[in-house]
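These notes are about the structure you will find just below.
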Amino acid sequence: MIDIHCHILPGIDDGSPDTETSLEMARMAARDGIHTIIATPHLADINYPKDRLLEAIEELNTQLKRQAIAITVLFGAEVQAHIALEAAENFCLAGSSSLLVEFPHSYLPADSENLIYNLITNKITPIIAHPERNGQISQEPWLLAPLIKLGAKTQITAESITGDQGMTARNCANYLFQKNQVHYIGTDSHSPGFRKPILSKAVKQAAKIIGKAEAQKLVSGYNILLPSATNLQPSA
Ligand SMILES: [Fe+2]
């Protein structure tokens, strides 16, 4: 499995504070069957040096090899919506044209449709990070439909699907599953204990709603690390 949303880089944001914590997160992820993690530190400043992230990823991958932990960490970022257009050139996920976009936590900005439209017309696929934990969307999940119609994708948090983030997030996730509006599952893990780097429980839960093959697709990295959704071979 591939986790497209994880704050595993040490000392960059409010995620892992140090290398030992990052390695512990990676051990947990590997035990869960995850082989690739896209590192997605919060990006609020368009001038943040990308090189610093690339160096941190290289260093962490070296440590992972040294410790024989079977995880590869790839480049990415979780980009705040107000800088998404400028960030698209440098901060897409793992060399793809998909950009992980974070809206404010409590509301959906009035210009969201414009933003999504502008990204799409610039050939960038916005992936909306954890909409089910957004205060307004969790109450009015139908607000996502126009954005998805424009071409936006969604990333739902694994612990929202399992209920570990509370009933509001879980109910919203269930609504989005019913509407076929869940495109990726990510952990959004910040440490071994704060949103665990575990995907399998959520996939199992999702499979009950949308079936096993569809659920596995959501953690396959399609259109990011795999060419397209249509190339996926559902596993037995
Ligand atoms: Fe995040």
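The numbering of the sequence shown is the working numbering, which starts it at -14 and goes up by one. Backbone N, C-alpha and C define an ideal beta-carbon position, used for all residues, glycine too.
Asked	Found
Alpha carbon of residue 55 to alpha carbon of residue 83, nearest angstrom	25 Å
Endpoints, beta strand (DSSP E) assigned at residue 111	110 to 114
Residue 63 Cβ short of 7 Å to ligand 1 heavy atom set	yes
Contact set for residue 161: own chain, Cβ-Cβ below 8 Å, skip 5 residues either direction	116, 117, 126, 129, 139, 141, 167
Between the CA atoms of residue 170 and residue 186 - distance to the nearest angstrom	11 Å
Residue 139: CB within 7 Å of a non-hydrogen atom of ligand 1	no
Run of the beta strand (DSSP E) containing residue 204, from where it starts to where it stops	Note, residue 204: premise wrong, no beta strand (DSSP E); not H, not E.
Closest residue to residue 74 among 97, 95, 110 (Cα-Cα distance)	110
Unbroken alpha helix (DSSP H) run spanning residue 181, endpoints	First-last for residue 181: undefined, no H or E at that position.
Rounded C-alpha distance that separates residue 49 from residue 122	37 Å
Own chain partners of residue 102 with C-beta closer than 8 Å, once the 5 adjacent residues on each side are dropped	135
Own chain, CB closer than 8 Å to residue 91, minus 5 neighbours either side, in chain order	119, 120, 121
Counted within 10 angstroms of its Cβ, other Cβ atoms place residue 159 as buried (16 or more) or exposed	buried
Beta-ladder partner(s) of residue -12, from DSSP	22
Where residue 220 falls: helix, strand or coil (DSSP)	Its pLDDT being 42, under 50, residue 220 is placed unreliably by the model, and nothing is read from it.
Within the segment 105 to 153, ranges of the alpha helix (DSSP H) (whole runs, at least 4 residues)	120 to 124, 130 to 135, 143 to 147
C-alpha distance - residue 23 paired with residue -13, whole-angstrom precision	8 Å
Beta-carbon proximity of residue 78 to residue 45, cut-off 8 Å	no
Rounded Cβ spacing between residue 209 and residue -11 (contact assumed at less than 8 Å)	6 Å
Unbroken alpha helix (DSSP H) run spanning residue 235, endpoints	Within the shown structure, residues of the chain are numbered from -14 to 221, placing residue 235 beyond reach of any answer.
Cβ-based neighbour list, residue 204, same chain, cut-off 7 Å, excluding 5 preceding and 5 following	-14, -13, 170, 184, 188
Whole-angstrom distance between residue 151 and residue 63, CA atom to CA atom	23 Å
Alpha carbon of residue 14 to alpha carbon of residue -8, nearest angstrom	13 Å
Assumed close pair residue 175, residue -1 - CB separation to whole angstroms, cut-off 8 Å	6 Å
Close beta carbons around residue 3, own chain, < 7 Å, minus the five adjacent residues each side	-5, -4
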